[in-house]
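Scroll down for the structure; my scribbles are underneath it.
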């Protein structure tokens, strides 16, 4: 069998299984705070980022890993592996996919890059599904095709916690910021074709939760939802409450809880929570 190295980026938080897998490598995103660069998950953890957001009102933004960073890793991996498979966040939201592909063209080992068109832990679930297909003996082409179908059958809804942070990070115009502040809405953002779209603008978190769980129940009626993921900034207590609600209302659905990394938290803020699920074949 081929010796495969699996590569992803730090916008997705690895679960325990992948954290223990010696063949999985994570390339950190770059968080820039007041001109200084930090590596997401290496020298900047989410709790430190959120603390500085609250106390220092920092000016933060993000950048994808450089082609050179990927190239250095791929050159090292080609010594011990036959193939590299890289799974990344949406190429519509970041240049990470492009940087990974460019680096792959600079090494002799085959490098196959999969654009999940997603972010965070849903991206990690795509990685695990692709690993499953490869372990079952599918060719790289077959595995990519089946994984693409799985990835495209998803729903992700996130309640943005901080219009202030979205505004500071440049993801919200002045007009949108002023209107949002005046109306005090909690926008629900969905991910469609790799892009962020505004699904609705409820006035508070309670109404946002009602809308999101209504969508979950609608999907659950098809009988094709097997698991879901609760995504959060610093709202662990709220995330646990959502998990309890899912276990009570949809006991057959396995629910995961996954924190958002620093590179995502820069744009969404600490008071962010969302839900993502896939429709199985």
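Numbering (this note's numbering), first residue to last: 40 to 320.
From the three backbone atoms N, C-alpha and C, an ideal C-beta is built for every residue, glycine too.
Since we're looking at a predicted model, the values are computed, not measured.
For residue i and residue j, I'd like the C-alpha separation in whole angstroms.
i, j, result
"residue 43", "residue 160", "21 Å"
"residue 67", "residue 80", "7 Å"
"residue 56", "residue 188", "24 Å"
"residue 234", "residue 228", "10 Å"
"residue 272", "residue 305", "10 Å"
"residue 316", "residue 298", "16 Å"
"residue 312", "residue 247", "10 Å"
"residue 87", "residue 176", "43 Å"
"residue 221", "residue 242", "In this predicted model, residue 221 has a pLDDT of only 42, less than 50, meaning its place in the structure is not dependable enough to derive any value."
"residue 170", "residue 137", "22 Å"
"residue 198", "residue 253", "14 Å"
"residue 230", "residue 132", "10 Å"
"residue 307", "residue 267", "20 Å"
"residue 296", "residue 41", "33 Å"
"residue 249", "residue 118", "52 Å"
"residue 186", "residue 168", "7 Å"
"residue 105", "residue 74", "17 Å"
"residue 92", "residue 261", "41 Å"
"residue 178", "residue 290", "35 Å"
"residue 65", "residue 121", "18 Å"
"residue 277", "residue 54", "20 Å"
"residue 174", "residue 232", "28 Å"
"residue 258", "residue 125", "30 Å"
"residue 61", "residue 288", "37 Å"
"residue 240", "residue 283", "25 Å"
"residue 95", "residue 63", "35 Å"
On the criterion of 16 or more Cβ atoms from any shown chain inside 10 Å, does residue i qualify as buried, or is it exposed?
i, result
"residue 99", "buried"
"residue 163", "buried"
"residue 193", "buried"
"residue 85", "buried"
"residue 101", "buried"
"residue 48", "buried"
"residue 279", "exposed"
"residue 58", "exposed"
"residue 184", "exposed"
"residue 213", "Since pLDDT at residue 213 reaches only 49, below the 50 mark, its modelled position is unreliable, and the value read off the structure follows with that caveat. It counts as exposed."
CB residue i to CB residue j, shorter than 8 Å?
i, j, result
"residue 281", "residue 269", "yes"
"residue 158", "residue 237", "no"
"residue 127", "residue 154", "yes"
"residue 301", "residue 70", "yes"
"residue 196", "residue 251", "yes"
"residue 244", "residue 263", "no"
"residue 116", "residue 148", "yes"
"residue 83", "residue 77", "yes"
Tell me, to the nearest whole angstrom, how far the beta carbon of residue i is from that of residue j; I am working on the premise that it is less than 8 Å.
i, j, result
"residue 309", "residue 200", "6 Å"
"residue 190", "residue 156", "6 Å"
"residue 255", "residue 314", "6 Å"
"residue 123", "residue 113", "6 Å"
"residue 52", "residue 103", "Incorrect: roughly 18 Å between the Cβ atoms, too far for contact."
"residue 319", "residue 265", "5 Å"
"residue 294", "residue 303", "So it is not a contact: roughly 20 Å between Cβ atoms."
Would you call the stretch 100-110 and the stretch 136-148 in contact, with 3 or more CB pairs under 8 Å?
-> yes
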